[in-house]
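For the protein sequence lines, the chains are C and A, in the order given.
Residues are numbered in my numbering as their position in the first sequence, beginning at 1, plus a constant of 105.
Residues are numbered in my numbering as their position in the second sequence, beginning at 1, plus a constant of 38.
Backbone N, C-alpha and C fix where the C-beta goes; we use that ideal spot for every residue, glycine too.
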Amino acid sequence: MKIYEKDPRISRIKRELSDRRVILVTGAKGGVGKTVISALLGLALSERGKKVLLVDADVTDPNLHVIIGVDPEKVKPGEAKGIEPLTLTDRIGYIGLAPYTMNRPTPLRGPEAVDAVRELLGALDYNGYEYIIIDTPPGLDDVLMDLIHLTGDHALVIVVSTPSRMSQDSTRRFMALLKDLNVENVVNVVNDVIGIGRSGRDSFNVPHDALLEEALGSIKRLKNTEAYNAIVRLAEAVDP
Amino acid sequence: MHEWAIAEAISREVEANLEKARIRRVKVILGELQNIDLDVLKQYLEMMLRDVAPNVEIDYETEEAVFKCRRCGYTWTLADSSLSEEEREAIHFVPEAVRAYVKCPKCSSPDFEVLRGRGVRLIFEVE
Chain C
106 MKIYEKDPRI
116 SRIKRELSDR
126 RVILVTGAKG
136 GVGKTVISAL
146 LGLALSERGK
156 KVLLVDADVT
166 DPNLHVIIGV
176 DPEKVKPGEA
186 KGIEPLTLTD
196 RIGYIGLAPY
206 TMNRPTPLRG
216 PEAVDAVREL
226 LGALDYNGYE
236 YIIIDTPPGL
246 DDVLMDLIHL
256 TGDHALVIVV
266 STPSRMSQDS
276 TRRFMALLKD
286 LNVENVVNVV
296 NDVIGIGRSG
306 RDSFNVPHDA
316 LLEEALGSIK
326 RLKNTEAYNA
336 IVRLAEAVDP
Chain A
39 MHEWAIAEAI
49 SREVEANLEK
59 ARIRRVKVIL
69 GELQNIDLDV
79 LKQYLEMMLR
89 DVAPNVEIDY
99 ETEEAVFKCR
109 RCGYTWTLAD
119 SSLSEEEREA
129 IHFVPEAVRA
139 YVKCPKCSSP
149 DFEVLRGRGV
159 RLIFEVE
């Protein structure tokens with residue numbers, strides 16, 4: 106007789122995510138615009154008639170709620186046959202740890218952050234969502250590795266960088282890692298957050314947009330930004 | 039109830055393991071921290087497993103939640119911590135949320151380890 110332990114969440118996560126379009130929005134550094142791009146891509150895909158779930162997997166330092174105008178101290182996701190994402194419109198849902206922590210500081214060591222993300226993904230009611238956009242924490246950390254192991258065989262991995270040479274240096278290492286992990290479906294988005302006007306040749310470019318900060322928190326205003334217009338073209342490529 | 043999704047996750051995992059081995063027994067360990075409704079979970083899980091794994095014996099066990107501070111080393115239990123209904127509810131959904139509401143009683147650090155009793159674990163006994 107053999108005895109072994111299993112994590113009950115893995116099979117359900119893999120099965121629920123296997124027949125949906127999964128997009129991991131990643132990046133080697135913080136502050137490159139992963140979260141903004143996750144949100145804008147979600148809005149753009151929903152405009153194309155798709156039902157989109159935005160997942161904030163940056164569990165120790167979540168920000169996605171700021172961009173989409175959710176106050177985590179005031180709202181609570183519901184529960185039915187699983188955790189019900191908060192609905193922003195009839196085609197956009199959001200889930201993250203922030204509504205469960207009242208937006209308080211929540212220090213989590215690597216394996217604990219992985220546990221939190223598995224818990225959210227493992228207990229979600231995915232009903233009707235066609236696109237699952239997962240905003241990941243910066244760097245090559247435990248959560249990113251776990252998400253790649255769970256979804257890397259079919260997910261689109263968006264690697265966000267800036268035109269800065271530091272970011273390009275980090276991104277080269279990041280890309281090499283994805284190659285070693287056999288992740289094939291990869292797009293580099295160069296987001297000109299610093300406004301130096303340089304763009305990449307083999308990448309998807311998002312121009313500098315000084316008005317973006319003003320638009321945070323309002324879906325309506327976000328849709329009027331130049332950054333959004335650029336992401337609409339990315340959405341067309343993702344969802345032809 | 040979100041117990042439905044947890045039962046479904048357990049059932050999927052049992053199903054996936056049935057393809058690889060002859061499972062005699064599965065022990066479902068429920069951590070006190072997550073505060074799963076055992077009766078509700080049992081009811082859903084028995085219904086789900088009736089067809090896919092009728093011969094697998096399921097046992098349930100609850101595990102006390104114990105914390106250990108990473109700064110001062112103090113060890114304490116969930117019963118030692120006072121939590122509001124709303125805080126318990128949040129922790130029920132994602133046990134890691136406990137770090138937003140509980141701090142080390144000795145040194146107030148939120149950087150502590152959950153030694154045991156976090157969430158749902160499965161122990162498989164196979165032939």
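Query	Result
Within chain A, the residues that R209(C) reaches when beta carbons sit closer than 7 Å	A138
Every unbroken alpha helix (DSSP H) inside the segment 123-183 of chain C [4 residues or more]	139-152 and 169-173
Bridge partners - Y109(C), DSSP secondary structure assignment	F162(A)
Among F105(A), N73(A) and L56(A), nearest to E95(A) - alpha-carbon criterion	L56(A)
8 Å Cβ cutoff, E178(C) in contact with chain A	no
Interface flag, I173(C) vs chain A, CB-CB below 8 Å	no
Backbone CA spacing between E151(A) and I301(C) [nearest angstrom]	44 Å
Beta-carbon contacts of G135(C) that lie in its chain and below 6 Å, excluding the five residues immediately before and after	P243
Beta-carbon proximity list for L158(C), same chain, < 6 Å, skipping 5 on both sides	P190, G198, Y234 and I237
Run of the beta strand (DSSP E) containing K106(A), from where it starts to where it stops	V104 to C107
Presumed contact (8 Å Cβ cut-off) between P204(C) and P182(C), rounded CB distance	6 Å
Inter-residue CB distance, A54(A) and S116(C) (contact presumed, cutoff 8 Å)	5 Å
Sub-8 Å separation of A128(A) and T194(C) beta-carbons	no
Boundaries of the beta strand (DSSP E) in which N334(C) is found, first to last residue	No beta strand (DSSP E) holds N334(C); the alpha helix (DSSP H) holding it covers E331 to V343.
Which listed residue (V130(C), A144(C), Y109(C) and D176(C)) has its alpha carbon closest to that of L317(C)	A144(C)
Buried versus exposed call for D118(A) [16 or more other C-beta atoms within 10 Å across all chains shown]	exposed
Minimum Cβ-Cβ distance from G215(C) to chain A less than 8 Å	no
C145(A) versus A135(A): straight-line alpha-carbon distance, rounded	19 Å
Contact check, G155(A) vs A91(A), beta carbons under 8 Å	no
M85(A) to V78(A) span [Cα, whole Å]	11 Å
Check whether I161(A) and E110(C) have beta carbons under 8 Å apart	yes
Identity of the residues DSSP links to K65(A) by a beta bridge	D97(A) and I161(A)
Beta carbon of V298(C) nearer than 8 Å to that of F309(C)	no
A185(C) in three-state terms, based on DSSP	strand
Given C142(A) as reference, the closest of E125(A), E46(A), V66(A) and G111(A) once Cα atoms are compared	G111(A)
Span separating the alpha-carbon of E121(C) from that of Y231(C)	7 Å
Beta carbon proximity, I44(A) to chain C, threshold 8 Å	yes
Interface residues of chain C facing A54(A) [CB-CB closer than 7 Å]	S116
Buried or exposed (CB count within 10 angstroms, at least 16 for buried), K325(C)	exposed
When T276(C), R126(C), P345(C) and P167(C) are compared against G257(C), the one with the closest alpha-carbon	R126(C)
Between the CA atoms of P268(C) and R306(C) - distance to the nearest angstrom	11 Å
Under 9 Å (Cβ pairs) to chain A, residues found in the segment 226-248 of chain C	G227, A228, L229 and D230
Short CB-CB distance (under 8 Å) between A47(A) and chain C	yes
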